[in-house]
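Undergrad: Take a look at this one; I'll ask things after.
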C-alpha cells in the first residue's frame, strides 16, 4: 500500500470518526427532541383532561343551578349551555384521539420493556377504555336531558330519579366516575409516564454522553496507535536507508536495500539498488581500465593501444553506444581520430579527420569544459566530415564531449554518443562518464610518465652494467694472474674459456634473462673464484626445475655473489661454503621466486632472500 494511500486512510478514519460523532450527536438530539415532544403531548393531555373536567363541572352547574349560574356566566361572559355542551363533545373527541395517539407512540411503548410500566400501561388502557365509555354515556344522558327539556326546572334531581329511564337514573353515578377518571386515573397515569419519559431522556443523555466519550477515546486511541505504528515503520525504514547509504559512502557496493513494503519505500529500494549497481559499474569501469592498461603495459608499451582501451572501456563498462578519442593537432578545429569503439549511428567516425565547429570548439577546447547535449534534435551540428562538410551526428540522440586534460592542457577529446533509438544520456551518466574521462586522462598521463621512468631506469641499468663489467673483469684477471704465477696451465686454460663464455653473456643486449641462464653464469663465475680460493671454497648452486624459465633482470645476482665471496669467504682464513638456490615460495598468499645466497660461519651476516617475481610464469 502506498504511503499516500495510508495518509489518505488516516485522514479518512479521522473524517469518518467526525461523521460518526456528528451523526451520533444528531441522533441523540433527535431522540431527545422526540422524548420532549412526547412529554409535551403527555403534559398537554393532562391539561386536556383538566379542561374536560372543567367543562363537565360547568355543564353540571348549568343543569342543577341554571338561574344563578347563568347570571354569573353573564357577568363573566361565559358561553351558554348549548355552546358548552358542544365544546365538551369536541374536547372529549380530541382528547380521546390524542390519548390513543400518545399510547401508541414508540417512545411510550419503549417504556414497556420494564415489567412494572408494562402492567401500568395495560391497566391504563383498560381504565381509559372505561373512562371513555363513561364519558360517552354522559354525553348520551346530557342529550336526553336536553331533548326532554328538564334543564333549569326546580326539583330536577327528584324528577330524574323518578324517571323510568335507567340511563338518566345512573347519570350522577357516571358523572362521579368520570370525574374520578379525569382527576385521578388519567392525570396519575400520564404523570407517571411523563416522569418515566423524563427519566429515560436523562438516561439517554447520560448514555450518549458516555458513549460519545468512549467512542471519541477509542477513535482517538486508534488514530494514535495507527499513526504511531505508521510513523514507526517510516522511521525504521528511513534508518535502514540511512544505514545503507552510510555503508555505500564508505565504499561498500555489495550492500543492498531490501524493503518489500509495496509502497514508495519499495520503489526507492529498487531504484537505489539500481543506482548502486550503476555506481559499482562506474567504479569497475575505472578498475577494468586500470587492469587492461596494466596488462598492455606488461605485454608491450603501445600508446595507440592505450587509447583503444579507453574507447573500448567507455562502451563496454558504461552506458554509451559509441566512443572515440580525438587528438588535437596544429589546427584547433581539426581533430584526428586516434581510437574508436562501439556502434555509431550513420558511422560518424569513419573518416580520418573531423572538423569542429560551434560550442564544441568554444567550450571544450578553449575553456576545457565538458559539452553535454541530451538531445541533438534541433541543435546546431558540431562535428563535420572534412570531405563532404556534412554533419556526423545523424542518428545520434545524445552526445557528451569531455576534454582529456593533461598537465592543465587539453591534449585529447573523448566523445561519447547514444543512439536516437536508445534512452538518452542522463545526468548520472554524465557524472560517471566525466569521472571516467578524468581517470582516463590520468591513465594517459601516467602511461607516458611510466614510459619516461622506464627509459630512465633503462639508462641507469645500462650504466650499472657498464660499472659491473670492468669491476668483474678486474677481479677475474687478478685470478688469472695468480694461476699463471702458479704455473697451472690447465686450470688457466679452463678459466680463460669460462671467462670467454661469461664475457659473451654480459655483452648480450637483452635486459632480462632466465633463472637457468643466470645460474649457469654464476657457476662459471664461482668456478673462477674456486681457482682463486682452491680448497677454502665450496660452492653449492642449484635451482628447482619449475624456476628454470622464470625471467629475472640480467646480472642482478653476480654483485650479490661477489659481495658474499669478498665479505663471507675471504675473511674466514679457513674453509667456507657458498650456497646459491632458487625455488618457488609463498609470500602473502602469492607464489614468488625466492633466491637464497648464503655462506657458512659468517659472523654477523644473515642469509639474503630476493623475491623477483610475484607470478612464477615463463612470461615474467
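Residue numbers (the numbering used here): 995 to 1614. A virtual CB, placed ideally from N, CA and C, is assigned to each residue, including glycine.
When DSSP labels each residue in this structure, what does residue 1316 get in the three-state scheme?
TA: Note: residue 1316 maps to strand in three-state DSSP.
Undergrad: Unbroken alpha helix (DSSP H) runs of length 4 or more, entirely within the region 1465-1489: which are they?
TA: Qualifying alpha helix (DSSP H) stretches: none in this window.
Undergrad: Pull up the DSSP beta-bridge partners for residue 1335, would you.
TA: Answer by DSSP bridge pairing, in chain order: 1317.
Undergrad: Judging by CA-CA distance, which residue of 1486, 1484 and 1391 is the nearest neighbour of residue 1418?
TA: Comparing Cα positions, the closest option is 1391.
Undergrad: CB-CB under 6 Å to residue 1180, same chain, minus the five flanking residues each way: which ones, in chain order?
TA: Once the five neighbours on either side are set aside, the close Cβ partners of residue 1180 are 1043.
Undergrad: Does the Cβ-Cβ distance between residue 1640 and residue 1362 come in under 8 Å?
TA: The structure shown does not extend to residue 1640, since the chain spans only 995 to 1614, so no value can be given for it.
Undergrad: With 16 as the cutoff for other CB atoms within 10 Å, does residue 1524 come out buried or exposed?
TA: It is buried - the Cβ of residue 1524 has at least 16 other Cβ atoms within 10 Å.
Undergrad: Between the Cα of residue 1247 and the Cα atoms of 1237, 1206 and 1173, which residue gives the shortest distance?
TA: Measuring from the Cα of residue 1247, the nearest candidate turns out to be 1237.
Undergrad: From the DSSP output, in three-state form, read off residue 1249 for me.
TA: In the structure shown, residue 1249 sits in coil (DSSP, three-state: anything other than H, G, I, E or B).
Undergrad: Taking the alpha carbon of residue 1079 as the reference point, which residue from 1264, 1096, 1097 and 1047 has its own alpha carbon closest?
TA: Considering only alpha carbons, the answer is 1047.
Undergrad: Checking the sheet assignment: what are the DSSP bridge partners for residue 1558?
TA: Note: residue 1558 sits in no beta bridge, so no partner.
Undergrad: Which residue comes first and which comes last in the beta strand (DSSP E) that contains residue 1366?
TA: Residue 1366 -> beta strand (DSSP E) spans 1365-1367.
Undergrad: Would you mind working out which of 1252, 1570, 1484 and 1312 sits nearest residue 1530, comparing C-alpha positions?
TA: Checked all of 1252, 1570, 1484 and 1312; the closest Cα to residue 1530 is 1570.
Undergrad: May I ask which residues mark the beginning and end of the alpha helix (DSSP H) holding residue 1412?
TA: Looking at the DSSP string, residue 1412 is not in any alpha helix (DSSP H); the run it does join, the beta strand (DSSP E), is 1403-1413.
Undergrad: Count the other C-beta atoms from every protein chain shown that fall within 10 angstroms of the C-beta of residue 1381, then say buried if there are 16 or more, exposed otherwise.
TA: With a pLDDT of 47 at residue 1381, under the threshold of 50, the predicted position of this residue should be treated as unreliable, though the coordinate-derived value follows. Looking at its Cβ environment, which holds fewer than 16 other Cβ atoms inside 10 Å, residue 1381 is exposed.
Undergrad: So residue 1549 and residue 1508 are in contact, right, with Cβ under 8 Å, and what is the actual spacing, rounded?
TA: Contact flag wrong, Cβ pair sits at about 13 Å.
Undergrad: Given a threshold of 16 other Cβ atoms within 10 Å of its Cβ, counted over all protein chains shown, does residue 1017 qualify as buried or as exposed?
TA: That one is exposed.
Undergrad: List the whole-angstrom C-beta distance separating residue 963 from residue 1032, where the pair is believed to meet the contact cut-off of C-beta under 8 Å.
TA: In the structure as shown, the chain begins at 995 and stops at 1614. Residue 963 is therefore absent and cannot be evaluated.
Undergrad: By DSSP, does residue 1257 sit in helix, in strand, or in coil?
TA: Looking at residue 1257 - three-state DSSP - the assignment turns out to be coil, as it is neither helix nor strand.
Undergrad: Check whether the region 1305-1321 touches the region 1402-1414, taking contact to mean three or more Cβ pairs, one atom from each stretch, closer than 8 Å.
TA: Verdict: yes, contact present.
Undergrad: Going by beta carbon distance, what residues of the same chain come within less than 8 Å of residue 1004, once the five residues before and after it are set aside?
TA: Once the five neighbours on either side are set aside, the close Cβ partners of residue 1004 are 1217, 1220, 1221 and 1224.
Undergrad: With DSSP as the reference, identify every bridge partner of residue 1593, one or two as the case may be.
TA: Note: residue 1593 sits in a beta bridge opposite 1572.
Undergrad: Would DSSP call residue 1582 helix, strand or coil?
TA: Residue 1582: coil per DSSP, three-state reduction.
Undergrad: Excluding sequence positions up to five away, which residues of its chain have a Cβ less than 8 Å from the Cβ of residue 1555?
TA: Within the same chain, residue 1555 has close Cβ partners 1516, 1519, 1520, 1572, 1574 and 1591.
Undergrad: Where do the ends of the beta strand (DSSP E) carrying residue 1532 lie?
TA: Unbroken beta strand (DSSP E) run through residue 1532: 1531-1537.
Undergrad: In the structure shown, what three-state DSSP assignment does residue 1100 receive?
TA: In this structure, residue 1100 counts as helix in the three-state DSSP scheme.
Undergrad: What are the boundary residues of the alpha helix (DSSP H) that residue 1216 is part of?
TA: That run of the alpha helix (DSSP H) goes 1181-1243.
Undergrad: So does the region 1227-1243 actually touch the region 1018-1030, counting three or more Cβ pairs closer than 8 Å?
TA: Touching, no.
Undergrad: Would you tell me roughly how many angstroms separate the C-alpha atoms of residue 1505 and residue 1557, rounded to the nearest one?
TA: Approximately 22 Å, taken between the alpha carbons.
Undergrad: Using alpha carbons as the reference points, say which of 1040, 1194, 1431 and 1212 lies closest to residue 1307.
TA: Comparing Cα-Cα distances from residue 1307 to each of 1040, 1194, 1431 and 1212, the minimum goes to 1431.
Undergrad: Tell me, please, which residues DSSP counts as bridged to residue 1577.
TA: Answer is 1588, bridged to residue 1577.
Undergrad: Considering only the alpha carbon of each residue, which of 1259, 1094, 1087 and 1186 lies closest to residue 942?
TA: Because residue 942 is not part of the residues shown, which for the chain are 995 to 1614, the question remains open.
Undergrad: If you run the structure through DSSP and keep just helix, strand and coil, what is residue 1391?
TA: Residue 1391 falls in the strand class under three-state DSSP.
Undergrad: Among residues of its own chain, excluding the 5 on either side of residue 1493, which ones have a beta-carbon nearer than 6 Å to its beta-carbon?
TA: Correct list, in chain order: 1470.
Undergrad: Measure the C-alpha to C-alpha separation of residue 1189 and residue 1099 and round it to an integer number of angstroms.
TA: If I take the Cα positions, the gap works out to 16 Å.
Undergrad: Considering Cα atoms alone, identify which of 1561, 1092 and 1422 is closest to residue 1594.
TA: When only C-alpha atoms are compared, the closest one is 1561.
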